Amino acid sequence: MTKTKQEKQCQDSHCPKHHSLRTHGRTFRGTIIESKAAKTATVQWQRKYFLPKFERYERRFTRIHVHNPDCIDAKKGDIVEITSCRKLSKTKSFVITQKIGLDYAFLAREELLQQAEVQPKEEKVEEKNNESN
Ligand SMILES: [Zn+2]
Numbered sequence: 360m361t362k363t364k365q366e367k368q369c370q371d372s373h374c375p376k377h378h379s380l381r382t383h384g385r386t387f388r389g390t391i392i393e394s395k396a397a398k399t400a401t402v403q404w405q406r407k408y409f410l411p412k413f414e415r416y417e418r419r420f421t422r423i424h425v426h427n428p429d430c431i432d433a434k435k436g437d438i439v440e441i442t443s444c445r446k447l448s449k450t451k452s453f454v455i456t457q458k459i460g461l462d463y464a465f466l467a468r469e470e471l472l473q474q475a476e477v478q479p480k481e482e483k484v485e486e487k488n489n490e491s492n
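If you're matching positions, the sequence shown starts at 360 in this note's numbering and goes up one per residue.
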């Protein structure tokens, strides 16, 4: 029931499935690292960057803003496929075409980072207060 409702209710005019937004060009797969803004998400994926001096590769990340249609509504930690389309805003020229799965490694890392952030911040505040006094 919910699926059919969502399909009927998709009123996002920038949806490649239910409306006339055409996709073309390149396709990538990445993880959503933020989806707070309405109909917008940030996608990140890894690439290799070759360092000639050391004859080895370095990990680098590509980060872009993508359009997040109503019917897909991808959230933080989702692995998605994105395809280029016409420019939808100043920073968006890609649209999410499908959800592929969950990036468990990313979610686990996020949790650990959050746990680590809580304690050191409090200590730093106390130190600063002591210095000013
Ligand atoms: Zn749609």
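Glycine included, each C-beta is placed from N, C-alpha and C at the ideal position. From a predicted model like this one, the values you see are computed outputs, not experimental measurements.
Practice task
Return the CA-CA distance between D371 and E469, expressed in angstroms with no decimal places.
Solution key: 30 Å
Handout entry: H426 classed as buried or exposed, judged by whether at least 16 other C-beta atoms fall within 10 angstroms
Key = buried
Exercise for the section: Output the residue ranges of the alpha helix (DSSP H) runs that lie fully inside the segment 376-427 and measure 4 residues or longer, sorted by chain position. Expected result: none
Practice task
Determine the contact status of Y408 and R415, defining contact as a CB-CB distance below 7 Å.
Solution key: no
Problem - Extent of the continuous beta strand (DSSP E) run through D437 - result: D437 to C444
Exercise for the section: Apply the 10 Å Cβ neighbour rule to T413 and answer buried if 16 or more other Cβ atoms are within range, or exposed otherwise. Expected result: The residue asked about is misnamed: residue 413 is Phe in this sequence, not Thr. Under this definition F413 is an exposed residue.
Problem - Close beta carbons around I455, own chain, < 6 Å, minus the five adjacent residues each side - result: V425, N427, I431, A433, V439 and I441
Problem - Length of the line joining the Cα atoms of T421 and W404 - result: 6 Å
Handout entry: Cα-Cα separation between K435 and I391, rounded to whole angstroms
Key = 5 Å
Practice task
Run the CB neighbour count on M360, radius 10 Å, all protein chains shown included, and call it buried at 16 or more, exposed below.
Solution key: Reliability fails at M360, whose pLDDT of 44 lies under 50, so the model's placement of it is uncertain and no value is given.
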